[in-house]
Amino acid sequence: MPKTAAKRPAEPVIPPPLLPADSEDSQLTLRLREYLKQDDIDHIWDAYRFSAAAHEGQVRRSGEPYVIHPVSVAGILAELHLDPPTLIAALLHDVVEDTGVTKQEIGEKFGKQVADLVDGLSKLDKIEFQSATQAQAENFRKMLLAMSQDVRVILVKLADRLHNMSTLDVMKPEKQRRIARETLDIYAPIANRLGLNEIYQTLEDLSFKYLYPMRHRVISKAVMAARGNRKEVVGKILDAINQRLKDQHIDAEVTGREKHLYSIYRKMTGKTVTFSQIYDIYGFRVIVRDLPTCYAALGVLHGLYKPIPGKFKDYIAIPKANGYQSLHTTLFGPFGTPIEIQIRSREMHNIADAGVAAHWLYKTTDAHLTALQQQTHQWLQRLLDIQNESSDSLEFLEHFKVDLFPDEVYVFTPKGTIMALPKGATAVDFAYAVHTDIGNRCVAVKINQELAPLRTELHNGDHVEIITAAHAHPNPAWLNYVLTGKARAHIRHYLKSMQSTESALLGERMLNQALRALHANPATIDDSAWQRLVRDYGAKSKDEILADIGMGKRLNVMVAHQLMAQAGQQEVVAEQQKIAPKVLDTITIRGSEGMAVQFAQCCRPIPGDPILGFINKDKGLVIHTHDCPAIRKFRLDPDKWLDVEWDPQGHRLYKVSLKLVVANRRGMLAKIASGIAEAGSNIDNVSMEEADNSTYTNMNFTVQVENRVHLAELMRRLRKIPDVVRINRVKGSGAEQRVQ
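For the sequence shown, UniProt numbering begins at 1 and goes up steadily by one.
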């Protein structure tokens, strides 16, 4: 956390206090008196004095007493009318991290609730990490998990970040940019997701200022100039709107609002337009009494100025996921200037500003507020699901970032329930949003009663029905197009589990092969030997060691020696050194080993080809043809090779690349495709290119065959087709491509 101070007044809700926080006239005290009882204020004063004593002698970069920072954070939260435990946690949020105070001491003096909040906000400084990135990711993971238990953790953290961002001037430029990038990527989207609109926009603008200082200054000056140039136009529009609503007996509060700078910059870069081409840097907000009056006001304004088609959004009927409700419309104003107008009730306006903090600021009897709390709870629950399915902190942070998209589409389930998904989400994302089991077993989708591919992107108003099958499972290809963090985390978790299971089975076969080569019977290795080996390796289980063997992370021969030693067979091992060891058994490749065995794309072996097994540390056992050029440099490393052979009983299809040179005649592609089908083969891919002269055409096919005999039969059949000049099997790609 940057211990800095501003050279100018802070930009957030509360400026740095000039008086001690517990004095009668301090800004914090005056703000607390607006909504808290004196007993609660006294308790908060106790926390202030505790914090001031703990931070005594500590100063910010500007030389100001450090306690100004926690007091300012508490002031921002007091503006949201948060409860006393949250304000106390804000005052104490740095004492565990920066002083000798412990969580236990805070718990004893201020209660377990406050201690847990402070703990969720403290960094993990005592744990060693491999990199600063990993440490940052782990800090985010801890904070977000604490937030999933109590959303007040993130409210304090956002206020903390807001004050730090507003006092960032004294930091070095590179540190300013790093903190601003982190704020723009993580904290501002979280504030938006929780409906804290003012904090969200301020964080974005401050991040913009430090990331792109020159662009920030240029746009800021342009807005100042436009403010003067357009003042008369804005005044006329305000007067016209007020007068028309008054004529129709609609009591409303109408205000003009200026778009924040980062929003203008995003619009300029997104639409590739200049500042002078953006006419809606000013918008208007109409706040009325209740919901029916919102629609009445909309009708009045559409009568005043013509609406622009396609620019109307009803966020009242279908609220945003963060609880935001409003009518948005864009009208043709005077002089052809587009006018953007928001219409909402007073209650909607309160929730638009306070978001989930409205739980403390307003009465919870409001039905919409209850729905907002449920939506927030569901989102926090999704964070827990993502955490459970993520293997490490960096992966969790990646999935979490994906889940922070602000733009959303709204689709309907078969029962008519509305579901919000990120813009660009697919049917697979929808399936996982409904339930993890639905996602894992989905095989097809009906969108608006018509069958569609699972990769289909969803749009507003789509009716989506997922079709499942009991034995279906996630497809690795889904990772290429799913968008939500939950879907991505569950798919990866399933694939890793499957890969681990399949790798463990392969590793067991490889270990048994090595044990038999040492004249040992695998059945004689008891559980106690395995337990000792697991402990020595620091592994979680026997299956983890076997999976490591299958993935090439451990050598089967080395594990076999160590396992025999653990089993008390050291003498047997020594005795075997006098005897010529057995040659390692050949491993049979069935073609059904799943992700544990992969067939190299460089040579695409098929049953009948002489093959070798190469142990790759990341991919496990990779099968190559014996003459594959890609493996020449590894031939001198025998530890990485295994003797493998094809199982004669294996039945599956393998991909093979064929190159045909054919006469340039009409209907040749149809004839060849027919010949491939008649040979009992499938076409996986086809491409064509003209040869050096226009008389001939090169056709490249990827076909599926059972084995080398099947391939030979297919090639003989194709050679009989008139005008097929030449046919070859292609191995490799690019510079290593060769034909046979």
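We put the beta carbon where it would ideally sit given N, CA and C, even for glycine.
Residues in its own chain within less than 7 Å of W641 by CB, not counting five upstream and five downstream?
-> L612, G613 and F614
Counting only the same chain and skipping the five closest in sequence on each side, list residues whose C-beta sits under 6 Å from that of K578.
-> Since pLDDT at K578 reaches only 48, below the 50 mark, its modelled position is unreliable, and the value read off the structure follows with that caveat. Cβ within range, chain order: n/a, list empty.
Can you say whether V218 is buried or exposed, counting buried as having 16 or more other CB atoms within 10 angstroms of its CB?
-> exposed
Proximity winner among L80, K109 and D94, relative to D119 (alpha-carbon distances) = D94
Could you pull out every unbroken alpha helix (DSSP H) segment of at least 4 residues lying fully inside the stretch 42-79, listed in chain order?
-> If one requires a minimum length of 4 residues, the alpha helix (DSSP H) runs lying completely within the stretch 42-79 are 68-79, in chain order.
Beta-carbon contacts of D314 that lie in its chain and below 7 Å, excluding the five residues immediately before and after = L327
Go through its chain and collect everything with a Cβ distance to D609's Cβ below 7 Å, but skip five positions before and after it.
-> T625 and R708
How about D723 and M668: do their beta carbons lie closer than 8 Å?
-> Taking 8 Å as the Cβ cut-off, D723 and M668 qualify as a contacting pair.
Rounded to whole angstroms, what's the CA-CA distance from A47 to L91? Just pull it up for me.
-> 7 Å
Is the Cβ-Cβ distance between S62 and V170 less than 8 Å?
-> yes
Proximity winner among G57, I68 and A560, relative to S26 (alpha-carbon distances) | I68
P453 in three-state terms, based on DSSP = coil
Name the two residues that bound the continuous alpha helix (DSSP H) containing T293.
-> L291 to L304
Would you call the stretch 186-198 and the stretch 97-110 in contact, with 3 or more CB pairs under 8 Å?
-> Between the stretch 186-198 and the stretch 97-110 there are fewer than three C-beta pairs closer than 8 Å, too few to call the two in contact.
Per DSSP, what kind of secondary structure is I179 in: helix, strand or coil?
-> helix
Is the number of C-beta pairs between the stretch 299-316 and the stretch 260-272 that are closer than 8 Å three or more?
-> no
Terminal residues of the continuous alpha helix (DSSP H) containing F513?
-> The sequence shown places Gln at residue 513, not Phe. The continuous alpha helix (DSSP H) containing Q513 extends over residues G485 to A517.
In three-state terms, what does DSSP make of V730?
-> Shown here, V730 sits in a strand according to DSSP, grouped into three states.
Use the C-beta contact count for N164: other C-beta atoms within 10 angstroms, 16 or more gives buried, fewer gives exposed.
-> buried
Using alpha carbons as the reference points, say which of I727, D205, L30 and Q499 lies closest to Y696.
-> I727
Out of Y212, K221, G283 and A425, point me to the one whose CA is closest to G235's CA.
-> G283
Helix, strand or coil at E232 [DSSP, three-state] | helix
Is the CB-CB distance between I44 and I88 below 8 Å?
-> yes
Taking contact to mean at least 3 C-beta pairs separated by less than 8 Å, is the stretch 251-263 in contact with the stretch 285-294?
-> yes
Within the present structure, is the beta-carbon of F312 separated from the nearest heavy atom of the ligand COA by less than 7 Å?
-> For the structure depicted, the ligand COA is absent and the ligand set is empty, with no information on it obtainable.
Are the beta-carbon atoms of A523 and K486 separated by less than 8 Å?
-> No Cβ-Cβ contact shorter than 8 Å links A523 with K486.
Tell me I467's beta-bridge partners as DSSP assigns them.
-> I467 is bridged to A444.
Sequence-distant residues of its chain with Cβ nearer than 6 Å to A115 (five each side left out) | K103, I106 and G107
If you draw a straight line from the alpha carbon of N242 to that of T329, how long is it in whole angstroms?
-> 17 Å
Identity of the residues DSSP links to S345 by a beta bridge | V288
If I'm right that Q325 touches I351 with Cβ under 8 Å, what's the distance once you round it to whole angstroms?
-> 7 Å
Tell me which same chain residues have a C-beta within less than 6 Å of the C-beta of S207, skipping the five on either side of it?
-> A180, T183 and L184
Are the stretch 420-428 and the stretch 475-491 in contact at 8 Å, needing three or more beta carbon pairs?
-> Taking 8 Å as the limit for Cβ pairs, the verdict is that the stretch 475-491 does touch the stretch 420-428.
Does the distance from the C-beta atom of G497 to that of G550 stay below 8 Å?
-> For clarity, residue 497 is Ser in the given sequence; the question names Gly instead. No.
Could you say which of L162, R285, L32 and H459 lies nearest to A420 if we only look at CA atoms?
-> H459
Simplified DSSP assignment, three categories, for M551 | coil
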